[in-house]
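Residue numbers (my numbering): 832 to 1155.
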Ligand code: BDR
Ligand code: CA
């Protein structure tokens, strides 16, 4: 029996890679996938996840649930400029219309908050929630049933930028910037939290040639899919930063849940900026060189140095494993 996992995702390119990693890992039992707005709308993101599950051909696919359509307080932003119009590098253009059409019809999906609560009650103290998008779904669950925080074992959050520049603004990382108020609630809810910020995820990347070699070394519909969806992010990175590399942000959050030793962890007190003009969504870690008892108590463990070789080996093994 594997570790019980719930994945909360906003349906983008690296989300899809993270889901592949989680769903093909025998150490995990994925109990549900809850979807949020983020890179694209929640409707598009849920279609993307349905498409991915179809390509993965799982014997026993987890249920998908529809979550937040927008942040708690501010207007929604999105990242089609990075992940493509559909959030998956334009895969929907590439597929035959017939093949894709069944995903166009919105299916009745359960409500994410309700499913999260139901599962938390069914498996008290057993569930690890991995969040790969804005934290709105989790904040809404905590708002609805504050005591549910005692039911989750741990939350692993891909988000934030502690000692490195942000990626959506100079100060902020996309998932936290999308809903800083939700992030603030989650950071202070008392749950056991592991944060996987850009400081860690920028240490793990694949360049265009490596990705091509990997996916072509074991041709399969899944690897074809991976190669195709990654192109828009690679193009974006080449256009804006001069290097065609894919940062494995969301996959690393799954990787450290599989094996926490992939990263070094530091207990930190981290606040989320919810007011700033230039610093909205910033994750401010208290890094003052003071004696421990003089610092505010840590509210999370943050991933710092990553054993990137070990992680990439794990990622490649799972991606290239035969079976789809
Ligand atoms: C995060 O932002 C999203 O665009 C990615 O999917 C990832 O979750 C990285 O900042
Ligand atoms: Ca994401």
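Glycine included, each C-beta is placed from N, C-alpha and C at the ideal position.
Fair warning: this is a prediction, and the values are worked out from it, not measured in the lab.
Going by the beta-carbon positions, is the gap between residue i and residue j smaller than 8 Å?
{"i": "residue 1103", "j": "residue 1088", "result": "no"}
{"i": "residue 1137", "j": "residue 1031", "result": "yes"}
{"i": "residue 1013", "j": "residue 944", "result": "no"}
{"i": "residue 1134", "j": "residue 963", "result": "no"}
{"i": "residue 1016", "j": "residue 970", "result": "yes"}
{"i": "residue 876", "j": "residue 866", "result": "yes"}
If residue i and residue j are in contact, beta carbons under 8 Å, what's the gap, nearest whole angstrom?
{"i": "residue 1056", "j": "residue 886", "result": "5 Å"}
{"i": "residue 995", "j": "residue 914", "result": "Actually they are not in contact, since the Cβ atoms of residue 995 and residue 914 sit about 21 Å apart, beyond 8 Å."}
On the DSSP bridge assignment, give the partners of residue i in chain order.
{"i": "residue 1078", "result": "1036"}
{"i": "residue 1094", "result": "1137"}
{"i": "residue 1114", "result": "1103"}
{"i": "residue 942", "result": "897"}
{"i": "residue 1025", "result": "987 and 1132"}
Going along the chain, which residues of its own chain have a beta-carbon closer than 8 Å to the beta-carbon of residue i, five neighbours each way excluded?
{"i": "residue 958", "result": "835, 836, 837, 862, 950, 951, 982, 983 and 984"}
{"i": "residue 1063", "result": "844, 913, 914, 915, 920 and 921"}
Evaluate residue i with the Cβ neighbour count: other Cβ atoms within 10 Å of its Cβ, from every protein chain shown; 16 or more gives buried, anything less gives exposed.
{"i": "residue 888", "result": "exposed"}
{"i": "residue 936", "result": "Note that residue 936 has pLDDT 49, beneath the 50 cutoff, so the model's placement of it is unreliable and no number is given."}
{"i": "residue 1145", "result": "buried"}
{"i": "residue 832", "result": "exposed"}
{"i": "residue 1108", "result": "exposed"}
{"i": "residue 774", "result": "This structure gives no information on residue 774, because the portion of the chain shown stretches from 832 to 1155."}
{"i": "residue 978", "result": "exposed"}
{"i": "residue 1019", "result": "exposed"}
{"i": "residue 992", "result": "buried"}
Tell me which residues share the same chain as residue i and place their Cβ nearer than 7 Å to its Cβ, disregarding the 5 neighbours each side in the sequence.
{"i": "residue 942", "result": "896 and 897"}
{"i": "residue 856", "result": "1089 and 1149"}
{"i": "residue 1045", "result": "1147, 1150 and 1151"}
{"i": "residue 1005", "result": "910, 998 and 999"}
{"i": "residue 1119", "result": "1126"}
{"i": "residue 1048", "result": "1151"}
Among residues of its own chain, excluding the 5 on either side of residue i, which ones have a beta-carbon nearer than 6 Å to its beta-carbon?
{"i": "residue 1069", "result": "1075"}
{"i": "residue 912", "result": "none"}
{"i": "residue 987", "result": "961, 1025, 1084 and 1088"}
{"i": "residue 1105", "result": "1011, 1012 and 1015"}
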